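Quick notes on the structure that follows.
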Amino acid sequence: MFFGTFTPKLDDKGRLTLPAKFREELADGLVVVNGQDHSLTIYPQAEFQVRARKAAESSRSNPRVRAFVRRLGASADEQTLDSQGRITVAPSHRSYAGLTKECVVIGSVDRIEVWDADAYESYLSEHEADFAEGDDDALAGFL
Numbered sequence: 003m004f005f006g007t008f009t010p011k012l013d014d015k016g017r018l019t020l021p022a023k024f025r026e027e028l029a030d031g032l033v034v035v036n037g038q039d040h041s042l043t044i045y046p047q048a049e050f051q052v053r054a055r056k057a058a059e060s061s062r063s064n065p066r067v068r069a070f071v072r073r074l075g076a077s078a079d080e081q082t083l084d085s086q087g088r089i090t091v092a093p094s095h096r097s098y099a100g101l102t103k104e105c106v107v108i109g110s111v112d113r114i115e116v117w118d119a120d121a122y123e124s125y126l127s128e129h130e131a132d133f134a135e136g137d138d139d140a141l142a143g144f145l
């Protein structure tokens, strides 16, 4: 599982160092995909395969399912960590997420999210009231 907030910098070659505490779960490979809210999502390879199979088994007669599966497959970038715990963020992913040098990497329980630092601060400000009020439906499994 992934927890915590980290602020690594994206280097000039598009490489991003992932937190040391995440690396063991990513040692067998990982997949980077376009996520929600213009962030990137990183899954351990095995977890992504399970999710991709479920998506592929969904009804392809539903246009929304087809669109989701296409987007998922098209944006997926399989990688392994280099010896320094880095990944190379593809130009298309950097563009999608608006990544600049300053990034935020968050553990989001079963996945990792990568955000542009300014975009993440805006997101937090925008959704603080929602979190403070505590949505019973969203938090039912936790509370």
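Heads up, the sequence shown is in the numbering used here, so the first residue is 3 and it goes up one at a time.
Note that beta-carbon positions come from the ideal geometry of N, C-alpha and C, so glycine has one too.
A quick note: this is a predicted structure, and the numbers were derived from the prediction, not measured.
On the DSSP bridge list, what partners appear for residue i?
{"i": "Y45", "result": "V33"}
For the beta strand (DSSP E) containing residue i, name the first residue and the last one.
{"i": "E115", "result": "I114 to D118"}
How far does the alpha helix (DSSP H) with residue i in it reach, from first residue to last?
{"i": "V71", "result": "P65 to S77"}
{"i": "L28", "result": "A22 to L28"}
{"i": "H88", "result": "The question names His, yet the displayed sequence has Arg at residue 88. No alpha helix (DSSP H) contains R88, which is instead part of the beta strand (DSSP E) from R88 to T90."}
{"i": "R62", "result": "Per DSSP, R62 belongs to no alpha helix (DSSP H) and is neither H nor E."}
{"i": "H2", "result": "This structure does not reach residue 2, given that the chain is present from 3 up to 145, and the question cannot be answered."}
DSSP on residue i, reduced to helix/strand/coil?
{"i": "Q51", "result": "helix"}
{"i": "L126", "result": "helix"}
{"i": "I108", "result": "strand"}
{"i": "K56", "result": "helix"}
How long is the line joining the alpha carbons of residue i and residue j, rounded to whole angstroms?
{"i": "Y45", "j": "T9", "result": "19 Å"}
{"i": "L42", "j": "V35", "result": "6 Å"}
{"i": "M3", "j": "S63", "result": "34 Å"}
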